[in-house]
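Written below as structure tokens is the structure these notes are about.
Numbering (our numbering), first residue to last: 78 to 459.
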């Protein structure tokens, strides 16, 4: 446990009353502070058509942030391959590595890609879950159905705008094979034609696969011997099947001789529990906007959030995320992070924090780093 590193996941959230430019400045500032605090890595997510999230292009934000920092690892969490090609991704991150060698993690996701032929069934896990908790008490809520989101007009529009007319997303496993071959300089087309990417071939990147279940993403990561990042903050119900599935698929590779897992958590830390709960007040309304398929709204103030007339249907949409957000004083939150690490066997934890005021967000990361060190844990990987 003492070697469980902490990283940062940043969506580049836009607070209500602010602009995308404000959000970008806040994210660069937070990355600089995270570097000084000793966090292991700083990742940017990719989301589209969300009025309250400015993180649309990880590579662009990474370039900005790399120029403003010097030592912290930077990465994508994740580049969504559903509307990209292996070549364009290797070229983008090859350029980044050429400018700032050895600092980047290439985190890959399949969102927006070819949908599964049928909804994935829950997978059994070796860790028993009784009354919604693991043996050590970690909350594992009922599985949330995303079917209504995938069928929404907004998601269909996003796919139409991101993909070229008539384009189809290739098979995800084949994309990863092509990407790894391009990085290694071993790519050869079915016709026998070689491709060498400059810059990109031989780039000093850590490749990660992000996934929310024990399905294709976990299988691709494990079979290729890559690092795997599981999403407790997005899909807490499936985190155990994700990490266990990855480990069952794992094969030693040139990258790793044994599985390596990061698990994300949504966290708000303040000097006391009451203050932390106040700072987290807007989270429920923000999650509701995502799960109703309207797109993430600008993160509301506590006063704006309290003014929302909640229905039982609204509460059902967000309850699993509220039950699994870690909110409180440093000791309380660190206890729950240790619980998450123990239940999942995570090698690292990836912390995402959103508050309306930037100063409160910065303070949350400061307090967590202090508490983590006080307990004898290292923020950097062992």
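Even for Gly, the Cβ is constructed at its ideal location relative to N, Cα and C.
- Item | Same chain only: Cβ atoms within 6 Å of residue 308, ignoring 5 sequence neighbours per side | Taking the first residue of the chain shown as 1, we reach residue 308 at position 231. If we look at residue 308 and ignore the five residues flanking it on each side, its Cβ neighbours are 289, 341.
- Collapsed DSSP secondary structure at residue 122 in the structure displayed: For the purposes of this step, residue 122 is taken as residue 45 along the chain shown, with counting starting at 1. Three-state DSSP puts residue 122 in coil, outside helix and strand.
- Label residue 266 either buried or exposed according to how many other C-beta atoms from any shown protein chain fall within 10 Å of its C-beta, with 16 as the threshold for buried. As a working mapping, residue 266 is identified with position 189 in the chain shown. Exposed, since its Cβ has fewer than 16 Cβ neighbours within 10 Å.
- Task: Return the CA-CA distance between residue 454 and residue 82, expressed in angstroms with no decimal places.
- Result: Translated into positions along the chain shown, residue 454 becomes position 377. Translated into positions along the chain shown, residue 82 becomes position 5. Residue 454 and residue 82: Cα-Cα distance of roughly 8 Å.
- Just confirm the distance between the C-beta atoms of residue 433 and residue 377, as a whole number of angstroms; I'd bet it's less than 8 Å. The residue you call residue 433 lines up with position 356 of the chain shown. The residue you call residue 377 lines up with position 300 of the chain shown. Right, the Cβ-Cβ distance comes to about 7 Å (below 8 Å), so this counts as a contact.
- What is the DSSP secondary structure of residue 332, counted as helix, strand or coil? Looking up residue 332 in the chain shown gives position 255. Coil.
- Query: Which residues does DSSP pair with residue 153 in a beta bridge?
  - Reply: Taking the first residue of the chain shown as 1, we reach residue 153 at position 76. According to DSSP, residue 153 bridges with 121.
- Which of the three DSSP states, helix, strand or coil, is assigned to residue 449? Within the chain shown, numbered from 1, the residue matching residue 449 stands at position 372. Note: residue 449 maps to helix in three-state DSSP.
- Task: Just tell me which of 224, 163, 285, 318 has its CA closest to the CA of residue 531.
- Result: In the structure as shown, the chain begins at 78 and stops at 459. Residue 531 is therefore absent and cannot be evaluated.
- What residue does the beta strand (DSSP E) around residue 216 start on, and which one ends it? Start at 1 with the first residue of the chain shown, and residue 216 comes out as number 139. Run containing residue 216: none; DSSP gives neither H nor E here.
- Message: Distance check for residue 452 and residue 160, CA to CA, integer angstroms please.
- Response: By one-based count along the chain shown, residue 160 stands at place 83. By one-based count along the chain shown, residue 452 stands at place 375. When rounded, the distance between both Cα atoms is 43 Å.
- Item | residue 107 beta carbon less than 9 Å from that of residue 121 | Residue numbering aside, residue 121 sits at position 44 when the chain shown is read from its first letter. Residue numbering aside, residue 107 sits at position 30 when the chain shown is read from its first letter. No; because the gap between Cβ atoms is not below 9 Å, this pair is not in contact.
- Query: The beta strand (DSSP E) spanning residue 425 covers which residue range?
  - Reply: If you number the chain shown from 1, residue 425 lands on position 348. 425-429 is the extent of the beta strand (DSSP E) around residue 425.
- Item | CB contact flag (residue 354, residue 327, <9 Å) | Numbered from 1 along the chain shown, position 277 holds the residue referred to as residue 354. Numbered from 1 along the chain shown, position 250 holds the residue referred to as residue 327. Taking 9 Å as the Cβ cut-off, residue 354 and residue 327 do not qualify as a contacting pair.
- Query: Does DSSP put residue 457 in a helix, in a strand, or in coil?
  - Reply: Looking up residue 457 in the chain shown gives position 380. Coil at residue 457, not helix or strand.
- Task: Note the first and the last residue of the continuous beta strand (DSSP E) segment covering residue 187.
- Result: To locate residue 187, count along the chain shown from 1; it is residue 110. Looking at the DSSP string, residue 187 is not in any beta strand (DSSP E), and its letter there is neither H nor E.
- Query: What residue from 439, 443, 447, 427 has the CA that sits closest to residue 458's CA?
  - Reply: Taking the first residue of the chain shown as position 1, residue 458 is located at position 381. Ranking the options by Cα distance to residue 458, first place goes to 427.
- If you draw a straight line from the alpha carbon of residue 191 to that of residue 239, how long is it in whole angstroms? In the chain shown, counting from the first residue as 1, residue 191 sits at position 114. In the chain shown, counting from the first residue as 1, residue 239 sits at position 162. Only weak support is given to the placement of residue 191: the predicted model assigns it a pLDDT of 48, under 50, and the question is left unresolved by the model.
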